[in-house]
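Here the structure is laid out as structure tokens; the discussion comes afterwards.
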Amino acid sequence: MVMSRRQLLGSTAAISGATVGLAGLGATPAQAGGAPATAVDPLVAIHPDDPRYAQLMLRSFNPRFISSPETVHLTYTAEQVRAAVEQAVGRGQRITVRSGGHCLDNLVGDPAFRVLVDVSAMNQTWYDSRHRAFVVESGATLGQMYEQLYLGWKVTVPAGVCPPVGVGGHISGGGYGPLSRKFGLSVDHLYGVEVVVVDRSGRARTILATARPDDPHRDLWWAHTGGGGGNFGFVTKYLFRTPGATGDDPGKLLPTPPPTLFMTWVSYPWDGLTQEGFVRLVKNHNAWHAAHSGPGDPYEGLHSALHLNTEKEQFIYLEIRTDATMPDARKMLDDYIAAVSAGVGVTPQISTTDDLWLANATLEFPQTIPPRTKSKGSYLRKPLAERQIVELYRGLRDPAYKGQCLVYFAGYGGQVNAVGPDATAVPQRDSILKLWFSASWPNAADDEESVDWVRRFYQRVFADTGGMPVSGDRYDGCYINYPDIDSKDPAWNRSGVPWSTLYYKQSYPRLQRIKAKYDPNNIFRHALSIEPAAG
């Protein structure tokens, strides 16, 4: 069974997600027809007795965490976002924001939030000649961004594989995907960010912060290059331009994706796969990435993800996207499959199609997983040890677990590792893989048992460092777009290393100072939010 792209959350976000055609909800006739709202348009306020409210509450990837705010504001402009924030602050109401709803943990659905700002109607992309940058509104989905950038200017931003995910939190958490080995992270192309912040007096204002050295708000831009969603204010727009890009031709200011690629699925049957074969498969995959994750590697145009599914799913999958324009692309693909498959002991099924890049980037697979989930992640600097791979084998074959589980190794490195650890707020710049655990099950009655199962599974894999992937020789902490509230709980994080170090390493003190400057009253907070620096 091929997993849904909603499950392949190399593209998920701390506060982000998928839109579901909400542009007309609460819109004036002009807005519903596509004309932008003006600064004088009143706020759209939707309350629980409104029939639209229930529809809006469905916009959550993980139904374990369904919001129940007193008010939902559907916004069409930055000014409306500013007005909604100032109004909530003035009334003493906790407020949160949603781009598309793909937050994996309880950072948005917390009942403490009484006001929800839904920016999904703010979903346009255009070129701004004044800033020589592409503007993407924070409610756009990745698929909308890809389509508008590519069809308009033949460019893209290297971001995730899930087209319905919203850019809102995906970008601010760092953002990565199939083109990152060749072009870097999403934030490596972030020139500016427009943010609604709140000063000490409670006044909300909208700030455009850029990467310009002379910009007085440059530190606010830097905070959004990996500092996570919902920490400093509400993002309304992102501005993209690749550093060092010159001239006025928009088509040369961002990367151009390959027009065609080979889309390959390699299926390894669980039937006949021994523990030794499983260990060999994971070792092969990890070792290949350890050898091919430096900047400028000849294989930087090949991105793969190894999907280790539970035995009941019958197959393990290797998902590969290869730039078809590379010299010897087909041979490189075949050599890669041979290297990963060597000595595994089962014969894989291989399916390859020739895809147009845009069609591939915007295709969402059918939903095939139970809806209720719990996720955990890690950066890997080196391959997993054999002991850890054996733990994966045992966990994925555990007959006591009723649901599904995916352990997902996403190819990383390449141009991601060409950037210094202090250049952005993403300090993990020498990793070879991203690792993601996701347990899924259908029924609320199984929540406690299923969450406990994946917690213990993950803790066993990282038993050598207190149940968490503490930065060191083999691991490099966690990715904020795979948020895991357990990292704050000493019952599950026995490492003695605080959650903030796991996610942000040496970047955290600087993020705290920026937080104190732009959100001195800690208005924008959630279960894994940055604490403002004292004093």
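So the sequence shown is residues -32 to -1, 1 to 503, counted in mature numbering (1 follows the signal peptide of the UniProt record, and there is no 0).
Here a beta-carbon is modelled for each residue, glycine too, at the ideal position from N, C-alpha and C.
This structure is a prediction, so every number in the text was calculated from the model and none was measured.
Limits of the unbroken beta strand (DSSP E) element including residue i
i    : result
S319 : 317 to 324
G382 : Taken as a continuous stretch (DSSP letters only), G382 belongs to no beta strand (DSSP E), as it is neither H nor E.
R340 : 340 to 348
W94  : 93 to 96
Residue i, enclosing alpha helix (DSSP H) - first and last residue
i           : result
T469        : 467 to 472
F81         : That residue, F81, is in no alpha helix (DSSP H); it is neither H nor E in DSSP.
I139        : 135 to 140
F492        : Run containing F492: none; DSSP gives neither H nor E here.
R298        : 297 to 309
Y486        : 476 to 486
D187        : 186 to 191
R428        : 415 to 429
R362        : 354 to 364
residue 510 : Residue 510 lies beyond the residue range present for the chain, which begins at -32 and ends at 503; the question has no answer from this structure.
F246        : 243 to 259
F151        : 148 to 151
L24         : 19 to 25
Buried or exposed by the 16-neighbour rule on C-beta atoms within 10 Å, applied to residue i
i           : result
R180        : exposed
Q112        : buried
H192        : buried
P227        : exposed
G(-12)      : In this predicted model, G(-12) has a pLDDT of only 35, less than 50, meaning its place in the structure is not dependable; the value taken from the coordinates is given anyway. With fewer than 16 other Cβ atoms within 10 Å, it is exposed.
P211        : exposed
residue 511 : Limits of the chain in this structure are -32 at one end and 503 at the other, which puts residue 511 out of reach.
P19         : exposed
Q372        : buried
L119        : exposed
D182        : exposed
E268        : buried
P126        : buried
G1          : Caution applies to G1, whose pLDDT of 31 falls short of 50 and renders its modelled position unreliable; the value that the coordinates give is listed next. Answer is exposed; the Cβ neighbour count stays below 16.
Q48         : buried
Y347        : buried
L241        : buried
R98         : exposed
W460        : buried
G(-7)       : Model confidence at G(-7) stands at a pLDDT of 35, short of 50, so the residue's coordinates are unreliable; what they give is reported in the following sentence. The residue in question, G(-7), is buried, as its Cβ has 16 or more Cβ neighbours within 10 Å.
Distance CB(residue i)-CB(residue j) smaller than 7 Å
i    : j    : result
Y206 : H275 : no
V384 : S36  : no
P237 : V165 : no
V135 : A108 : yes
V429 : E354 : no
V83  : A56  : yes
G434 : R462 : yes
R349 : S399 : yes
N467 : S475 : Checking the sequence shown, residue 467 turns out to be Trp, not Asn. No; because the gap between Cβ atoms is not below 7 Å, this pair is not in contact.
Y380 : L401 : yes
H41  : V76  : no
Per DSSP, cross-strand counterpart(s) of residue i
i           : result
R173        : V165
K205        : E105, E162
Q372        : S408
V12         : L42
N277        : L374
L286        : V234, L274
residue 574 : Here the chain has residues from -32 to 503 only, and residue 574 is not among them.
D291        : L229
I63         : V83
K402        : Y347, A378
T178        : G160
Which listed residue (the options) has its alpha carbon closest to that of residue i
i    : options                : result
A258 : L326, P351, T321       : P351
R340 : Y426, L176, N74, R365  : N74
G503 : A495, Q480, F492       : Q480
D156 : A172, W189, P132       : W189
T321 : I337, A292, Y304, K299 : A292
A501 : R493, I491, I482       : I482
T178 : V161, R171, A172, D167 : V161
D239 : G219, G196, Q317, N252 : Q317
A407 : T39, A413, Y426        : Y426
L364 : P16, W421, S319        : W421
S67  : R349, Y447, F29        : F29
R171 : R289, R59, Y21         : R59
M231 : R298, G388, L42, E417  : R298
N91  : L110, V85, Y304        : L110
Cutoff 7 Å: residue i Cβ touching any chain E Cβ
i    : result
G136 : Among the chains in the structure shown there is no chain E, since it carries only a single protein chain.
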